Each structure stands twice: as structure tokens, then as C-alpha cells.
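Q:
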Amino acid sequence: MKQYEPHVVEEKRQAIWEKEGLFRVTEDTNKKKYYLLEMFPYPSGKIHMGHVRNYSIGDVIARYKNMRGYNVLHPMGWDAFGMPAENAAIERGVHPAKWTYDNIDYMKKQLKRLGFGYDWSREIATCDVDYYRWEQWMFLKMYEKGFVYRKSAPVNYCVKCQTVLANEQVVDGLCWRCNEAVIQKELTQWFFAITRYADELYEFCDRLPGWPERVLNMQKNWIGKSYGVEVDFLLENGEKLTIFTTRPDTLYGVTFMALAPEHPLSLSLAEGTDYEVEVRAFIEKAKQQDRSFRAELQGTKEGVFTGRYAINPLNGTKVPIYIGNFVLMEYGTGAIMSVPAHDQRDFEFAKVYGLPIIITIMPEGRNLDPNTMDCAYEGDGYLVNSGDFNGMNNRKAISSIIDYLEQKGIGRSTVNFKLRDWGISRQRYWGAPIPIIYCDNCGIVPVPYDQLPVVLPLNLEVKMVGRSPLSDYEEFYKVKCPICHGDAKRETDTMDTFVESSWYFLKYACPEYNVGPLDTKRVNYWMPVDQYIGGVEHAVLHLLYSRFFNRVLNELGLVAVREPFENLLTQGMVIKDGAKMSKSKGNVVDPDYLIEKYGADATRLCCLFAAPPEKDLDWSDKGIEGCYRFLQRVWRLVAERLDIIKGIKSTIIPKDNSGDMGLLTLRIHKTIKKVTEDIERFHLNTAIASIMELVNVIYKYLEKPRNTDEELSLLKGSIETVLRLLFPFVPHITEELWEMLGADMQLLRGAWIEYRQEYTIKDMVTIAVQVNGKLRDTFEIERDAKQEAIREAALALEKVKRHIEGRPVKKVVIVPNKLVNIVCP
RNA sequence: GCCGGAGUGGUGGAACUGGCAGACGCGCCGGACUCAAAAUCCGGUGGUGCUUGGCACUGUGCGGGUUCAAGCCCCGCCUCCGGCACCA
């Protein structure tokens, strides 16, 4: 008997797949398309277990859908721009390009060794000129349409990475990449106007039923939509001070106003008052406090009086205007009305500065007293101290007051978002150059389309200089203005790498297309992505950016769909000993080692079997041993009895469907059904478990000698079933065994196995018998037996009689083919 | 603080719409094969108690409730994880 040698088998199969071009696809309108995509890796050096898991899940689905007759696009590529390449260059003196392409070579080999079925003819690397040139094209189009603009703004800056970061890339005040504290810096930067789509991106969250709730919630949370009203307060000199509030029902309780330190009125208001010096100092101090510092202050309310007052438009009350450190310039109008009675922050501020508290919302059945309150009341109630609105429920009052304000022309209902525009300038080298030229005469000049691409020069030494290395490289930045032909300077910042990953899924449809950005016809054949699989860490980064970018490209007529990803699966992390794998913790598992020791099939199987895809997977070395053992068991099942089954015709619908053969037949069909349903809903771990059960049943079947043709046919049928069900999970071993059986390879790869419903049910069913809800016994009866027969059989059982103890039976509940519950209290 | 998600044996995890809790795997215990070991195969394995080849009680974070029946539904808590966080 041939031994199971994973490497021999795997190398052999992979060579065959390669030769046959098994995973190549073309657009075929006669077949239903299925676009399966896994998030492409950053070529950091080596594949890690997270990749193995992600791509193993994807490969099962891709192969399964293929077997179901879909035209499956399953591509792979490289998110190849980014800082680690640059850091490697600085640390080791390797050029980022060499480092990146070497890593791609190595990692591609790893992916091939794992046997993933990708259409490698569609491979893309985002650092290729032929990729990013079209990104520059898109940038120019977006610039024309006003989706890109340049402005000076306080931005997040990582000192260690020496570059600007988008809001999404700051996690708890730290850089998402290096964990260094992020500071605020005033810089002129390029921005993508993602906020233009804030509302649509938010609202469409409710129209993505194929996405996990968790991710949609995170996106909604990030976009942060809130309904409210802008209200104009008048200053004493007649000027307007506009604020935003979601609680117009508390307008009568306003006792002061608060402006953000950066608010344009902050300084001008105080000018000429006794408070000018103090205000100036406060604003200066606030400027020094960047975001992370402010976050640390959390709740410590500080402010300063401007010396000016505003008039409440509803009741004419004069209220003092303060500058407060807790007011954010970026949100709403940068100014707020303060209602200490009904807002905790205002309450705290009022306590510090001795400002009055006026109750305007009274909870039912309670009586609030401003003198004894120790926190704001933010709940519902009826209005008091509110003029004509007294007695009204506060929820109703919100709309009534808005109506009133709009009628009087002093307020407008408004929607506000937390989402900010996406800053895409990076002061780094290894990225796509921004196609812009600065000319002293003509200003900002976009690079003409016929001068694209702006090629990233490869012949320069990369150093850490605190600015883009390109800004030290004359050959790159010294250019002539396309308009006036005078001396001009090229933009030396590069684009955020998240720009590349915002449209790569479109490029896979037409990777070699190079006469325009995208071959729209092919893009529209494949789009949307039917199933996207990746880590949850991109819930608000990549996934939000891509939804935005796809919309822009939709408006440019490059793609027909609005939403790029129909269904999303976010797989959990691979952890070990309860912690994320990391070099510093020393708990990293190396895929190369696993493939070496157990083979690709066992490695894949283990990743799929140990936990359901969405959950975190706690890696255990014992787990893979178990999977390896199982594969050997499958191998022996075929190899040990090849001589007796090879020439036999196989079947899974035997003429004699009784006794042991009946049991095996039942199990075969039930397993096919279960595995099919489980794959459809991504319960891959239970799908594998049920195949294991089938294997156990086959071994049970083999405990007795099986000599007749009928018995052997069924045996062969059961074995073939195992191989076909297992194929998407462990393609190498199953193909090898299939070949040993001398069967048609197309049957294994080309078609999923179907079950027969009538074989998934038994003639006899086991009924559980409960007395007062407690299980007491079971009995067998023919399926779909009459209720009366079931009742009698149950009541006749010895154990049941004993537990009834002669008491009168009040009721008998019968669940057909399952259970009887006898109620006798 | 707000918004999500989760809590099941020694362990990873099953149980689709309320219907036999613990599938499958790991570990452990016992046995077979062996001079021995590994590998392999077979059997057992939630807890407690007892008159121990059986029977009873108990058991899905805690406390209530609905129901003939609750891991699953409802109410109130606890713990853990994730996201947002002075967003007016």
C-alpha cells in the first residue's frame, strides 16, 4: 500500500493544476458568474496564519461554487505600496521595490504551496506603474469633479512614521501602524470629499443584508449621523451666532453659550472687552493641546468668558458667551447652546463657573430641583418654563419647536455627521505620486492626461529625512508648468496606500487592460463582488473607503454598481494561548513549518475545523495533529482496499436498502445534505465534523467482511462521497485518491454531489418520551405514525408508568417524529 | 457614557425556526496488537449520589418569568470582548 506523503501528493497535484490552467476564467455570459474575493495581502515578507485562514475559507467557497456550476472569479494580488518597504530600505539598505518584489515572489510561492486556486493570470501589484497610472487618472478626474481638494488643516501626524494619517488611521490617539502617539499639525494636504457621501454611506448600511451587523454598526458609528437644528442666536450688536443642537426641546433652558477655541468669533468677540487678554491666552493654550492631549483631559471642563452676550431667540433671555475646551470646531458649527439642566457636559461646566441651571424638562412622577441636582437629566418628560410649549411631551416639542423656528426664519432642521474628509497626502516615498504641479504663475496645475503616468523614480536612495524623499530629488520635482512652460515644482507627497486598495477589486476584471482605467464591460460582468472575505480590522478603513471610491467611479461611468461588495464575511483572528500572534510574545506559528510537517491539506483543514470562520481561532498544535490523523484515516480507507473496490461500479442508491447498507446509505445522503447546507452558510467546521462522522460510519461498516458486489458498490459510493465532499477543503489528497480509484477527474472537480431527499430519512424514527418535561425513555416507531399510536406506545412504557405513579394524565403533547411529553402534575 | 457581540464539560467547539444539551476533534482513562515503544484499532469519559452492567438527582454566567417543554423567548443583573467616545 502506498503511504500518505503529503508533499509528494501536493507537489504533484499543484503541477497538474498549473499545467491545466485549472483556475483561469473568462467572461462567459452563458454561465452565472460568482466573484469571490479575499482581501489581498501586504507583501510584508511571509504569509502568516491569518492569511492561511482567510484564504482557506475563500478557497473552499471558490471550489464549491465552481462545482455548483458558477463561473468563478477568484483572483489574488498585492497591496504593495506602503511604509514597511521603506523602513526595510532604511534599516537594511535594500531598495523598497526590490524588497517588495522579492517578498511577492516568496509569498506567491507560499500561496501556491497551500494549493489555493487563484487565477494567477489576473495577478496585480499596486506598485506597478500600469496599476497606479490609472489611479492618477482617477485622481485627475476627481479633481475635475471637485472630489479632491487641497486645504490647510490641523491633521494627524505620526512622528515615528513621519507622515500624516487619516482620522481612520488613528486608533486611541495612536498610529495604527506603529502605535506611536499621534500629534496635531497644521499642514496643507489633499483631501477626498468622502463626506459628500456621508448620508448615502450611512443610509445604505440598512441595505446591505449580506454584511455582518457588527461591521455595519461600526460604519454607522463612525459616520455618526444625527438629526437636529441650526438655531441663530443674535449678539447684542445684531450679528448672528449660529449653533447646532439635537435638543431644541431644551432651548428655554439655555443659560450660556460656548464656542470652540478655534471658532472665528472666539477672539473677535472678546476684542475690546476686559477679558481680551485672558481669552487670547486661553485660545493659545488650546492650540497647543492636540487631540490626544484633549482626550486625556476627558471631562475636565475649562473655559473663559468673552465678555459678550447672546439673545435666546425664543424667550429673549441674555446669556453669556464662553469659550469652552470641550467644544469641537469640526462638528456642527463649532458653537453650542448650553443647557446645564439637561446636558451633562454643560452641567459640569456650569458647576465650575457658577452658571445658572434652569429645568425645562420634567420627568413624569418626579420633581427635579436645580439646587439639589448632582447631574443633568437627559431623559424624557414634559416641558416646563417653556412658554407656549409648557406641558408638551419633549419628543413632540422637538418637532414643534423646529417648526416654529423655521417659520420665524431663525432656525433650519439640519443633519450632522462625525465623518471627516479623507486626507490622502503622505510624506513618504513608496506610494503613488500625486499628479499635480505647482506653478508660481498658474497655481495648482493638474498633470495633463497625456503626461501620465507620473512615474515613481526607482533610482534614488531612500532615507529618513522627515519629509518625502522625493522632495530632495530634483529630477523628479523640477518640472516645467504644463500651462505657461515656466519653472514649476511637482507635488512630492504620495497617496495613502488605502487609495490603491479602494479599487483593486475592479482591476481584477481586466488586469492587462491598458488603454483606459478599466474595461467597463468586463468590470460590469463581474461586479459586484459576490462574497468578500477578510479581517474585521478593516471595518471602517478599507471597507468604508472602497464604498466611497466605488461610488465615485460609478459616477464616472466606470462601474455600474453603487455598492462594491454584496456579501461580507469577517473572519476572526488567529490567536495562540489567548493572545494575538506576535514576534514579541513569541507565539507565532509559521505556516512553512506546518506545511513541511503536516502538508498543506492538514494545515488548511485545521484552520477550517477548529472554529467557525467569524470567531477567533485559538491555535493549538494538537489540533493539527488531529486533522493530520483524520487525513491519514481517509487515505487508508482508500489505499488499503484499492484492490477490492477499484474495478467495482460505485453507487449510493443500492437496491438493498436494509440493515447495515441502509444505515450507511442514510448516512451518506444525510451527510451530503448537511455539508451542502453548512457550506452555504459558512459553517465550515460543522461541515467537516459531519464528514468525519461519515468516515467513522464507513469504518463501522467495514467491521464485518463485505464481499458481495452490492456491498462493495455501496462502499465505493460512500468513499467517493467522502472524497467529493472533502475536495473543496483538502483538494490535493482527495484528487490523488480519486485518481487512484481510476475515476473521472471531472466528476470530482467539476460537479458537486447531490443527495436524494428520500434517502435522508429513516422508515423508523426514535421518539423521546418525557414526563413533565423530563426525559424518561425513548422508543422506535414507523415514521409519520398516527398520533394515537404514538400516545399509546409512550404510555405503555414501563419507565413512563413508573413516573406517572398512577396520577391522572392531564395532557399529552406530541411533536411528530420527535418527542412525546406527558403532563401529569 | 452610548452602540454592538459573547458567556455551554478538562479543552476547541456542536445543538438551523423553543423539542433527547455536550455532535466532531483534542486531552484523559481502560483494553487489543507488541519483547517493548511508537503508530494503529476497540471501549469509556459533564457533575453528584446510591442498593453501581442499572437508577435517581443535578447541570448551558446569576436571579426571576413565559411555556407541556428554555442554552435558545421576555424582564432584571454580573463578567468578558469589540467599536465609538466632550459629536451638543
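So for the first sequence, my numbering puts the first residue at 479; every next one is plus one. A virtual CB, placed ideally from N, CA and C, is assigned to each residue, including glycine. As the structure is a computational prediction, the values presented were derived from the model and not from experiment.
#1: Hey, how far is the Cα of A1088 from the Cα of I1053?
#2: Under a three-way DSSP split, which group does P436 fall into?
#3: Tell me the residue span of the beta strand (DSSP E) that contains F783.
#4: Give the C-beta separation of S534 and L1086 to the nearest angstrom, bearing in mind that I take them to be a contact with Cβ-Cβ under 8 angstroms.
#5: Taking contact to mean at least 3 C-beta pairs separated by less than 8 angstroms, is the region 481-491 in contact with the region 975-995?
#6: Please classify T507 as buried or exposed, where buried requires at least 16 neighbouring CB atoms within 10 angstroms.
#7: Within its chain, find whatever has a CB closer than 8 angstroms to the CB of M1242; leave out the 5 residues flanking it on each side and keep chain order.
#8: Applying the 10 Å Cβ sphere with the 16-neighbour rule, what's the burial state of Y1076?
#9: Please report the straight-line C-alpha distance between V757 and I801, rounded to a whole angstrom.
#10: Measure the CB-CB distance between V607 and V933 and report whether it falls below 7 angstroms.
#11: Whose C-alpha, out of E1266, K1288, R1280, M1218, is nearest the C-alpha of Q481?
#12: Among the candidates V530, W612, E496, E505, whose CA atom is the shortest distance from the CA of L1072?
#13: Among L1275, M561, L1180, R628, which residue has its Cα nearest to the Cα of E969?
#14: Going by alpha carbons, who is nearest to A736 out of G688, E1155, R786?
#15: Applying the 10 Å Cβ sphere with the 16-neighbour rule, what's the burial state of K1296?
#16: Can you tell me which of G921, A788, L1022 puts its alpha carbon nearest to the alpha carbon of D899?
#17: Starting from the C-beta of I568, find all residues in its chain whose C-beta is less than 7 angstroms away, skip the five residues before and the five after it, and write them out in chain order.
#18: Have a look at W908 and D974 and give me their C-alpha separation to the nearest angstrom.
#19: Between the beta-carbon of A603 and the beta-carbon of W556, is there less than 7 angstroms?
#20: Counting C-beta neighbours from all protein chains within 10 Å, is the total for G1228 16 or more, i.e. buried, or is it exposed?
#21: Identify every residue that forms a DSSP beta bridge with V1052.
#22: Judging by CA-CA distance, which residue of T728, E1189, Q822 is the nearest neighbour of S864?
#23: Looking only at its own chain, which residues have a Cβ that is under 6 angstroms from the Cβ of Y955, when we skip the five neighbours before and after it?
#24: CB of P924 to nearest heavy atom of the ligand SAM: below 6 angstroms?
#25: For T975, list the residues DSSP reports as bridge partners.
#26: State the start and end residues of the unbroken alpha helix (DSSP H) segment that holds K619.
#27: Taking the runs of the alpha helix (DSSP H) that are 4 residues or longer, which of them lie wholly in the region 687-722?
#28: Hey, which unbroken runs of the alpha helix (DSSP H) at 4 residues or more fall wholly within the region 1132-1175?
#29: Express the C-alpha separation of L551 and A493 in angstroms, rounding to a whole number.
#30: Under the three-state reduction of DSSP, which class applies to S770: helix, strand or coil?
#31: Could you give the DSSP three-state label for E1181: helix, strand or coil?
#32: If you check the beta carbons only, do E1044 and G688 fall under 7 angstroms apart?
#33: Check the DSSP bridge columns for H967 and list the partner residues they point to.
#34: Looking at the structure shown, is T1256 part of a helix, part of a strand, or coil, going by DSSP?
#35: Straight-line CA distance for I1376 to W1113?
A: For this structure:
#1: Translated into the one-based positions of the first sequence, residue 1088 becomes position 610. Translated into the one-based positions of the first sequence, residue 1053 becomes position 575. Going by the C-alpha atoms only, they are around 12 angstroms apart.
#2: In this structure the chain extends from 479 to 1303, so residue 436 is not present and cannot be described.
#3: Your numbering for residue 783 matches position 305 in the first sequence. 781-789 is the span of the beta strand (DSSP E), which, as asked, contains F783.
#4: On the first sequence, position 56 is the one that residue 534 refers to. On the first sequence, position 608 is the one that residue 1086 refers to. Correct: roughly 6 angstroms between the Cβ atoms.
#5: no
#6: The sequence position of residue 507 within the first sequence is 29, counting from 1. Flag for T507 reads exposed.
#7: Along the first sequence, read from residue 1 onward, the residue named residue 1242 stands at position 764. Excluding sequence neighbours, M1242 sits near E1258, I1259, E1260, R1261.
#8: Within the first sequence, numbered from 1, the residue matching residue 1076 stands at position 598. Label assigned to Y1076: buried.
#9: Here residue 757 refers to the residue found at position 279 when the first sequence is read from its first residue. Here residue 801 refers to the residue found at position 323 when the first sequence is read from its first residue. Each residue's alpha carbon lies about 8 angstroms from the other.
#10: Numbered from 1 along the first sequence, position 129 holds the residue referred to as residue 607. Numbered from 1 along the first sequence, position 455 holds the residue referred to as residue 933. It is a contact, given that the beta carbons lie within the stated cut-off.
#11: Within the first sequence, the letter at position 3 stands for residue 481. Considering only alpha carbons, the answer is M1218.
#12: Position 594 of the first sequence, counted from the first residue, corresponds to residue 1072. It is V530 whose Cα lies nearest to the Cα of L1072.
#13: Here residue 969 corresponds to residue number 491 of the first sequence, with the count starting at 1. If we check each option's Cα against that of E969, R628 comes out closest.
#14: As a working note, residue 736 is residue 258 in the first sequence. Minimum Cα distance to A736 is reached at R786.
#15: For this step, residue 1296 is matched to residue 818 along the first sequence. Exposed, by the Cβ-count rule.
#16: Taking the first residue of the first sequence as 1, we reach residue 899 at position 421. Closest by alpha carbon: L1022.
#17: On the first sequence, residue 568 is found 90 positions in, with the first residue counted as 1. Closer than 7 angstroms at the Cβ level, and outside the excluded window around I568, lie V940, K941, M942.
#18: Position 430 of the first sequence, counted from the start, is the residue given in the question as residue 908. Position 496 of the first sequence, counted from the start, is the residue given in the question as residue 974. Answer to the nearest angstrom: the Cα atoms are 10 angstroms apart.
#19: Against the first sequence, residue 603 aligns to sequence position 125. Against the first sequence, residue 556 aligns to sequence position 78. The answer is yes: Cβ separation under 7 angstroms.
#20: Along the first sequence, one-based indexing puts residue 1228 at 750. G1228 is exposed by the Cβ-count criterion.
#21: The residue labelled residue 1052 in the question sits at position 574 within the first sequence. According to DSSP, V1052 bridges with L1095.
#22: Taking the first residue of the first sequence as 1, we reach residue 864 at position 386. Checked all of T728, E1189, Q822; the closest Cα to S864 is T728.
#23: Sequence index remark: in the first sequence, residue 955 carries index 477 (1-based). Excluding positions up to five away in sequence, the list reads K967, R968, T970.
#24: Here there are no bound small molecules, and the ligand SAM is not part of this structure.
#25: Numbered from 1 along the first sequence, position 497 holds the residue referred to as residue 975. DSSP lists no partner for T975.
#26: Against the first sequence, residue 619 aligns to sequence position 141. Its alpha helix (DSSP H) spans residues 607-622.
#27: 691-701
#28: 1137-1158
#29: On the first sequence, residue 493 is found 15 positions in, with the first residue counted as 1. On the first sequence, residue 551 is found 73 positions in, with the first residue counted as 1. Approximately 21 angstroms between the Cα atoms of the pair.
#30: Walking along the first sequence from the start, residue 770 turns up at place 292. Here S770 scores only 49 on pLDDT, less than 50, and its place in the model should not be relied on; the value that follows carries that caveat. Three-state result, S770: helix.
#31: For the purposes of this step, residue 1181 is identified with residue 703 of the first sequence, where counting begins at 1. It is coil, neither helix nor strand.
#32: Counting from 1 along the first sequence, the entry for residue 1044 is found at position 566. Counting from 1 along the first sequence, the entry for residue 688 is found at position 210. It is a contact, given that the beta carbons lie within the stated cut-off.
#33: Taking the first residue of the first sequence as 1, we reach residue 967 at position 489. It should be pointed out that residue 967 corresponds to Lys in this sequence rather than to His. According to DSSP, K967 bridges with Y916, K956.
#34: Looking up residue 1256 in the first sequence gives position 778. DSSP places T1256 in strand when its eight states are reduced to three.
#35: Nothing can be reported for residue 1376: it is not among the residues displayed for the chain, which extend from 479 to 1303.
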